[in-house]
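Working notes, beginning with the structure itself.
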Ligand code: GTP
Ligand code: MG
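This is how it looks when you write it as structure tokens:
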């Protein structure tokens, strides 16, 4: 899919105020600093469409971006950032969970995890929560440029082993890097496929 246009629409802390349109949307979620905003910039080939920072807690609101005038990308605040969410175990910021619980336009969520780390309880718990709420998701491994191919392979295998303790099968996943563009076409093609499927319904 070619990205012809990408524009910032609105920031919100209240799900009720998010765009009313029924356009299909895709949300990026994950721990602070995992690279959600960077990935949105990488996918759209825009340098600073979404604001990024080396300091965790940069994105504080629900940000809607309109792509090719017919679907939305949504940049969300990170969960598990100590200053925002005290207990990194069970408490996700209320409006994030409300976003997922209420946003009917959401086609799928992308749960981002840093490829360098082992499976973290907060990510597993969030995936569990999505599963319990019937919200489809894919995993996006980020920062693949930081590891050699063999290490990537090993890490994915370990991650799979952990996930298969609670999931019947490994969720759909992508390996990406916002620094070198790995995974860009795969993610865009996946979204394109889902957008196409919906038009047929
Ligand atoms: P919050 O908004 O704070 O929740 O963070 P975020 O998940 O949006 O992360 P953000 O995109 O702001 O990136 C955090 C830091 O990681 C920045 O310093 C980015 O430059 C860096 N980063 C993001 N993606 C990559 C990547 O693929 N490779 C490398 N090497 N660094 C990355
Ligand atoms: Mg961000």
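Numbering (the working numbering), first residue to last: 29 to 229.
A virtual CB, placed ideally from N, CA and C, is assigned to each residue, including glycine.
CB contact flag (residue i, residue j, <8 Å)
{"i": "residue 90", "j": "residue 34", "result": "no"}
{"i": "residue 138", "j": "residue 161", "result": "no"}
{"i": "residue 55", "j": "residue 152", "result": "no"}
{"i": "residue 202", "j": "residue 213", "result": "no"}
{"i": "residue 191", "j": "residue 147", "result": "yes"}
{"i": "residue 62", "j": "residue 140", "result": "yes"}
{"i": "residue 59", "j": "residue 107", "result": "yes"}
{"i": "residue 66", "j": "residue 79", "result": "no"}
Through-space distance from residue j to residue i, alpha-carbon basis
{"i": "residue 185", "j": "residue 164", "result": "22 Å"}
{"i": "residue 100", "j": "residue 93", "result": "5 Å"}
{"i": "residue 121", "j": "residue 130", "result": "14 Å"}
{"i": "residue 176", "j": "residue 182", "result": "10 Å"}
{"i": "residue 97", "j": "residue 204", "result": "25 Å"}
{"i": "residue 200", "j": "residue 52", "result": "19 Å"}
{"i": "residue 83", "j": "residue 132", "result": "32 Å"}
{"i": "residue 208", "j": "residue 173", "result": "7 Å"}
{"i": "residue 149", "j": "residue 159", "result": "15 Å"}
{"i": "residue 179", "j": "residue 136", "result": "28 Å"}
{"i": "residue 29", "j": "residue 166", "result": "19 Å"}
{"i": "residue 74", "j": "residue 124", "result": "25 Å"}
{"i": "residue 206", "j": "residue 46", "result": "27 Å"}
{"i": "residue 72", "j": "residue 196", "result": "33 Å"}
{"i": "residue 222", "j": "residue 194", "result": "26 Å"}
Collapsed DSSP secondary structure at residue i in the structure displayed
{"i": "residue 113", "result": "At residue 113, the pLDDT of 46 sits below 50, so the modelled position is not reliable and the matter cannot be decided from this model."}
{"i": "residue 221", "result": "helix"}
{"i": "residue 182", "result": "helix"}
{"i": "residue 57", "result": "strand"}
{"i": "residue 137", "result": "strand"}
{"i": "residue 35", "result": "strand"}
{"i": "residue 43", "result": "helix"}
{"i": "residue 190", "result": "helix"}
{"i": "residue 91", "result": "strand"}
{"i": "residue 210", "result": "coil"}
{"i": "residue 72", "result": "helix"}
{"i": "residue 102", "result": "strand"}
{"i": "residue 166", "result": "strand"}
Anything with a beta carbon under 5 Å from a heavy atom of the ligand MG counts; list them all in chain order.
64, 65, 86 and 87
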